[in-house]
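Student: Throughout the sequence shown, residue numbering follows the numbering used here, covering 459 to 730 in sequence.
For each residue, glycine too, the CB sits at the ideal point set by N, CA and C.
Following this message is one structure expressed as structure tokens.
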Amino acid sequence: MTQRVKKTVKKSLQGKSESKQKEFIAQLVLKEFDEFYNRFKEITDSAKDAFENCDFQESLQISQKRMSLYSVSMYRLGDEITKSFPDVSKNQNFWDGVEDNFRHSVENRYEGDLALAYLHSVRRAIFRGEWTPVDYSFGVSSDAKAIFNSFLMVTFHSDDFDSSLVLKILRVLGFKAKFRQAENEQTGCREIKSEFKEQYENYKIQKVEIIKGGFFRNRGAYIVGRIILNDSSVLPLIIALLNGDDGIYIDAIFTSDSVHTIYSVQLEPIFM
Numbered sequence: 459m460t461q462r463v464k465k466t467v468k469k470s471l472q473g474k475s476e477s478k479q480k481e482f483i484a485q486l487v488l489k490e491f492d493e494f495y496n497r498f499k500e501i502t503d504s505a506k507d508a509f510e511n512c513d514f515q516e517s518l519q520i521s522q523k524r525m526s527l528y529s530v531s532m533y534r535l536g537d538e539i540t541k542s543f544p545d546v547s548k549n550q551n552f553w554d555g556v557e558d559n560f561r562h563s564v565e566n567r568y569e570g571d572l573a574l575a576y577l578h579s580v581r582r583a584i585f586r587g588e589w590t591p592v593d594y595s596f597g598v599s600s601d602a603k604a605i606f607n608s609f610l611m612v613t614f615h616s617d618d619f620d621s622s623l624v625l626k627i628l629r630v631l632g633f634k635a636k637f638r639q640a641e642n643e644q645t646g647c648r649e650i651k652s653e654f655k656e657q658y659e660n661y662k663i664q665k666v667e668i669i670k671g672g673f674f675r676n677r678g679a680y681i682v683g684r685i686i687l688n689d690s691s692v693l694p695l696i697i698a699l700l701n702g703d704d705g706i707y708i709d710a711i712f713t714s715d716s717v718h719t720i721y722s723v724q725l726e727p728i729f730m
């Protein structure tokens, strides 16, 4: 938040009604979120380019930026709100009103849930453990969820997890770099099938859903989705990719309990 914005903020709240103050702070948080989110998307695009170009030093630097971007943004905003608006910054009822305004502004946005999580993070930073949020998502209809899912996901209807399905999944991210001869696909598919047989007797796959955007961390890229079985069981799916002189290749395919290895609490989640 720049000095010019800080002065504008203080001036804008002078003499305003409480309802106008709530609206103003909600819009202030949304503005800061938009700046964070746009920067996040820029970094994500850079991460994909660095991965395809095997620019590993750049990939590591981008990972470090991504690790700090969210926390720096929301903590800085929380501190500034506390300094600028001491009379209302720790008023629980006031913040409930701010959140109501904020929800109305972002409820139809693709990144609405992330925006709401950002507001909750700012609020938690201000209250320093004195407040616990109760709801991070919107109450949306099943039709709306289906629309969002189709926008977010690519769906493959298949009754088997085989090499041909994996090849289709690899095309989702639209990499310009070439792929290596598929040497690990069959091994990965066999391992997944073996896992299925151990956990689900007579399993049958209904469909596989893949998030359209990839996730990048350090030297790797990750295709993330889920496998849905006929009994409606849902299994996570992560395909880990690496890039080398001969092209992009599959490093590993994860599902079920093996996913926890990637989401270790000691590591930055690949989504961030």
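Does DSSP classify residue 602 as helix, strand or coil?
Tutor: Residue mapping note: residue 602 aligns to position 144 of the sequence shown, counting from 1. Confidence at residue 602 is low in this model, with a pLDDT of 45, below 50, so its placement is unreliable and the value that follows should be read with caution. DSSP places residue 602 in helix when its eight states are reduced to three.
Student: Residues in the same chain with beta-carbon distance under 6 Å from residue 483, minus the five sequence neighbours each way, listed in chain order, please.
Tutor: Here residue 483 refers to the residue found at position 25 when the sequence shown is read from its first residue. Counting only Cβ-Cβ distances below 6 Å, and skipping sequence neighbours, we find 556.
Student: Could you spell out the range, first to last residue, of the alpha helix (DSSP H) harbouring residue 509?
Tutor: Indexing the sequence shown from 1 puts residue 509 at position 51. Residues 476-510.
Student: Go ahead and label residue 713 buried or exposed: buried means 16 or more other beta carbons lie within 10 angstroms of its beta carbon, across all protein chains shown.
Tutor: Residue numbering aside, residue 713 sits at position 255 when the sequence shown is read from its first letter. Flag for residue 713 reads buried.
Student: For chain D, is any of its Cβ atoms less than 9 Å away from the one on residue 674?
Tutor: Included in the structure is just one protein chain, with no chain D present.
Student: Put residue 569 into one of helix, strand or coil per three-state DSSP.
Tutor: Locating residue 569 in the sequence shown gives position 111, where the first residue counts as 1. Reduced to three states, the DSSP call for residue 569 is coil.
Student: Cα separation between residue 415 and residue 708?
Tutor: In the structure as shown, the chain begins at 459 and stops at 730. Residue 415 is therefore absent and cannot be evaluated.
Student: Relative to the C-alpha of residue 685, which residue among 674, 679, 673, 664 is closest?
Tutor: Here residue 685 refers to the residue found at position 227 of the sequence shown. Here the closest residue by C-alpha is 664.
Student: Out of 478, 502, 529, point me to the one whose CA is closest to residue 546's CA.
Tutor: Taking the first residue of the sequence shown as position 1, residue 546 is located at position 88. Residue 478 is the option with its Cα nearest to residue 546.
Student: Taking the straight line between their C-alpha atoms, what separation do you get for residue 569 and residue 523?
Tutor: In the sequence shown, residue 569 corresponds to position 111, counting from 1. In the sequence shown, residue 523 corresponds to position 65, counting from 1. Cα to Cα, residue 569 sits roughly 20 Å from residue 523.
Student: Would you mind reading off the limits of the alpha helix (DSSP H) that contains residue 558?
Tutor: Within the sequence shown, residue 558 is the residue found at index 100, counting from 1. Unbroken alpha helix (DSSP H) run through residue 558: 550-564.
Student: Does the beta-carbon distance from residue 434 to residue 580 come in below 9 Å?
Tutor: Since the first and last residues shown for the chain are 459 and 730, residue 434 lies out of range.
Student: Thinking residue 630 and residue 681 are a contact (beta carbons under 8 Å), I'd like their distance in whole angstroms, please.
Tutor: Reading the sequence shown from its first residue, position 172 is the one you call residue 630. Reading the sequence shown from its first residue, position 223 is the one you call residue 681. Right, their Cβ atoms sit about 7 Å apart.
Student: Using 8 Å for Cβ pairs, my map puts residue 527 next to residue 509. What's the rounded Cβ distance?
Tutor: On the sequence shown, position 69 is the one that residue 527 refers to. On the sequence shown, position 51 is the one that residue 509 refers to. Not really, about 18 Å apart at Cβ, beyond 8 Å.
Student: Starting from residue 626, trace the alpha helix (DSSP H) both ways and give me its first and last residue.
Tutor: Reading the sequence shown from its first residue, position 168 is the one you call residue 626. Taken as a continuous stretch (DSSP letters only), the alpha helix (DSSP H) holding residue 626 covers 621-628.
Student: Return the Cβ separation of residue 683 and residue 668 in integer angstroms, given the expectation that the two are a contact with Cβ distance under 8 Å.
Tutor: By 1-based counting over the sequence shown, the position of residue 683 is 225. By 1-based counting over the sequence shown, the position of residue 668 is 210. Going by Cβ atoms, the distance from residue 683 to residue 668 rounds to 4 Å, so yes, they are a contact pair.
Student: Going by DSSP, name the residue or residues bridged to residue 701.
Tutor: Mapped onto the sequence shown, residue 701 falls at position 243. 706.
Student: Distance check for residue 671 and residue 749, CA to CA, integer angstroms please.
Tutor: Nothing in the structure corresponds to residue 749, since the chain is present only between 459 and 730.
Student: Indicate whether residue 695 and residue 711 have their beta-carbon atoms separated by less than 9 Å.
Tutor: Your numbering for residue 695 matches position 237 in the sequence shown. Your numbering for residue 711 matches position 253 in the sequence shown. For residue 695 and residue 711, yes; Cβs fall inside 9 Å.
Student: For the candidate residues 534, 558, 628, whose alpha-carbon lies nearest to that of residue 698?
Tutor: Your numbering for residue 698 matches position 240 in the sequence shown. If we check each option's Cα against that of residue 698, 628 comes out closest.
Student: Please report the straight-line C-alpha distance between residue 517 and residue 507, rounded to a whole angstrom.
Tutor: For the purposes of this step, residue 517 is taken as residue 59 along the sequence shown, with counting starting at 1. For the purposes of this step, residue 507 is taken as residue 49 along the sequence shown, with counting starting at 1. Cα to Cα, residue 517 sits roughly 9 Å from residue 507.
Student: Among the residues of its own chain, which have a CB less than 7 Å from the CB of residue 615, if the five just before and after it don't count?
Tutor: Along the sequence shown, one-based indexing puts residue 615 at 157. Taken in chain order, the residues that qualify are 665.
Student: Looking only at its own chain, which residues have a Cβ that is under 6 Å from the Cβ of residue 558, when we skip the five neighbours before and after it?
Tutor: Counted from its first residue, the sequence shown places residue 558 at position 100. Once the five neighbours on either side are set aside, residue 558 has no close Cβ partner at all.
Student: Taking a contact to mean a Cβ-Cβ separation below 9 Å, would you say residue 491 touches residue 576 in this structure?
Tutor: For the purposes of this step, residue 491 is taken as the residue at position 33 of the sequence shown. For the purposes of this step, residue 576 is taken as the residue at position 118 of the sequence shown. In contact: residue 491 and residue 576 (Cβ atoms closer than 9 Å).
Student: Can you look up residue 536 in the DSSP assignment and give me helix, strand or coil?
Tutor: Along the sequence shown, read from residue 1 onward, the residue named residue 536 stands at position 78. DSSP places residue 536 in helix when its eight states are reduced to three.
Student: I need the DSSP call for residue 666, collapsed to helix, strand or coil.
Tutor: Taking the sequence shown and counting its residues from 1, one reaches residue 666 at position 208. The answer is strand: DSSP assigns residue 666 an E or B state.
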